[in-house]
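Numbering-wise (our numbering), the sequence shown opens with residue 183 and increments by one.
Just so you know, even glycine gets a beta-carbon here, dropped at the ideal spot from N, CA and C.
Report on one structure; see the data block that follows.
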Amino acid sequence: MSSRRAVLNWIEKVLGAVEKLCIFIASISLVILIVTYFWLAFGRKVLNDSPTWVEQLSFVLICYIVFLGAAAGVRNNTHLGVTVFRDMMPVMIQKVLIVSIDLIVAAFGLVMMVSSWRWVAFGWDSLIPMLDVPESIRSAAICIFGGLIFIFAGMRAISRILTFSTWLPEEPFSNDPIETENL
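Shown next as structure tokens:
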């Protein structure tokens, strides 16, 4: 195995671990969200004293659930995409389009990270009402998401460029059990 392939494999393992960490944090956040809403309902209906902090905490948790889950989706390449026109092209054009899309997504992530960093820097002085934590905690989810997209999509583009002659675009419906049974 070439040293280039060994480095790419190592980076893929690291990015796989980062993706699993994103899913883990998003999952824990979802559990915390469910527990806090249970506490809200219990406080409102049984104790007749609604906790006021649940709404603000849920907004922070939803930011992390959505953005970390979406970043993992970028890593797995599981986001919804329309590939009809790409799939009609010759393989070489498909490969160029796929790499171009990865580069565009990486650029979007970089712009998102840089732009949201201003919100993070600006929000350290103001506190989220009822939670008494900096507003930047909320904005940091967007910044982290942009950075993860930049890394995940950018690394996929680099990997595809370095191994351009050896990989092929996925076949449409290749994972569809109905299609494979009928063959």
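**Report entry** 7 Å Cβ shell around Ala335 - same chain, five flanking residues per side excluded
**Finding:** Here residue 335 corresponds to residue number 153 of the sequence shown, with the count starting at 1. Around Ala335: Val256, Asp284, Val287, Ala288, Gly291.
> Quick one: what's got a C-beta closer than 7 Å to Ala253's C-beta in the same chain, skipping five residues either side?
Replying inline: As a first step, residue 253 must be located in the sequence shown, where it is residue number 71. So the list reads Cys204, Phe327, Leu330, Ile331, Phe334, once near-sequence residues are dropped.
Quiz item: Leu279: which of Ser211, Phe346, Ser240, Ile310 sits nearest, CA to CA?
Solution: Taking the sequence shown and counting its residues from 1, one reaches residue 279 at position 97. The shortest C-alpha separation from Leu279 is found at Phe346.
Pick out whichever of Val213, Ser211, Pro233 has its Cα sitting closest to the Cα of Trp221.
-> Here residue 221 is taken as the residue at index 39 of the sequence shown, counted from 1. It is Pro233.
message = Whole angstroms are fine: how far does the CA of Gln276 sit from the CA of Asp269?
response = The sequence position of residue 269 within the sequence shown is 87, counting from 1. The sequence position of residue 276 within the sequence shown is 94, counting from 1. So the two alpha carbons sit approximately 7 Å from each other.
**Message:** I'd like the list of long-range same chain contacts for Met337, defined as Cβ closer than 7 Å, with 5 residues on each side in sequence excluded.
**Reply:** Walking along the sequence shown from the start, residue 337 turns up at place 155. Closer than 7 Å at Cβ, skipping near neighbours: Ile193, Leu197.
Leaving out five residues before and five after Glu351 in sequence, what residues of the same chain have Cβ atoms less than 7 Å from its Cβ? The residue given as residue 351 occupies position 169 in the sequence shown. It should be noted that the sequence gives Pro, not Glu, for residue 351. Hits under 7 Å: Val273, Gln276, Lys277, Ile280.
DSSP three-state assignment for Leu309, whether helix, strand or coil: Mapped onto the sequence shown, residue 309 falls at position 127. Leu309 falls in the strand class under three-state DSSP.
**Asked** Looking at the unbroken alpha helix (DSSP H) that takes in Leu344, where does it start and where does it end?
**Response** Within the sequence shown, residue 344 is the residue found at index 162, counting from 1. Here the alpha helix (DSSP H) through Leu344 covers 318-344.
Report the start-end ranges of each alpha helix (DSSP H) in the region 215-289 that is 4 residues or longer and not cut off at the edges. 236-258, 266-270, all fully within the region 215-289.
- Task: Verify whether the separation of the beta carbon atoms of Ala208 and Gly263 is less than 8 Å.
- Result: Sequence index remark: in the sequence shown, residue 208 carries index 26 (1-based). Sequence index remark: in the sequence shown, residue 263 carries index 81 (1-based). The answer is no: Cβ separation not under 8 Å.
* For Ser297, which option in Ala323, Pro316, Asp314 has the closest C-alpha, if you only look at C-alpha atoms? -> The count along the sequence shown starts at 1 and reaches residue 297 at position 115. Answer by Cα proximity: Ala323.
Open item on the list: Let me confirm a value: Ile210 is counted as buried when at least 16 other C-beta atoms fall within 10 Å, else exposed. Which label applies?
Closed with: For the purposes of this step, residue 210 is taken as residue 28 along the sequence shown, with counting starting at 1. It counts as exposed.
Outcome for Ala199 when other beta-carbon atoms lying within 10 angstroms are tallied against a minimum of 16 = Residue numbering aside, residue 199 sits at position 17 when the sequence shown is read from its first letter. By the 10 Å Cβ count, Ala199 comes out exposed.
Counting C-beta neighbours from all protein chains within 10 Å, is the total for Ser308 16 or more, i.e. buried, or is it exposed? Within the sequence shown, the letter at position 126 stands for residue 308. It counts as exposed.
Original post:
From this set, Glu201, Val236, Val315, Ser240, which residue's C-alpha is nearest Leu212's C-alpha?
Top reply: What you label residue 212 is simply residue 30 of the sequence shown in a count that begins at 1. Checking every option, the nearest Cα to that of Leu212 belongs to Ser240.
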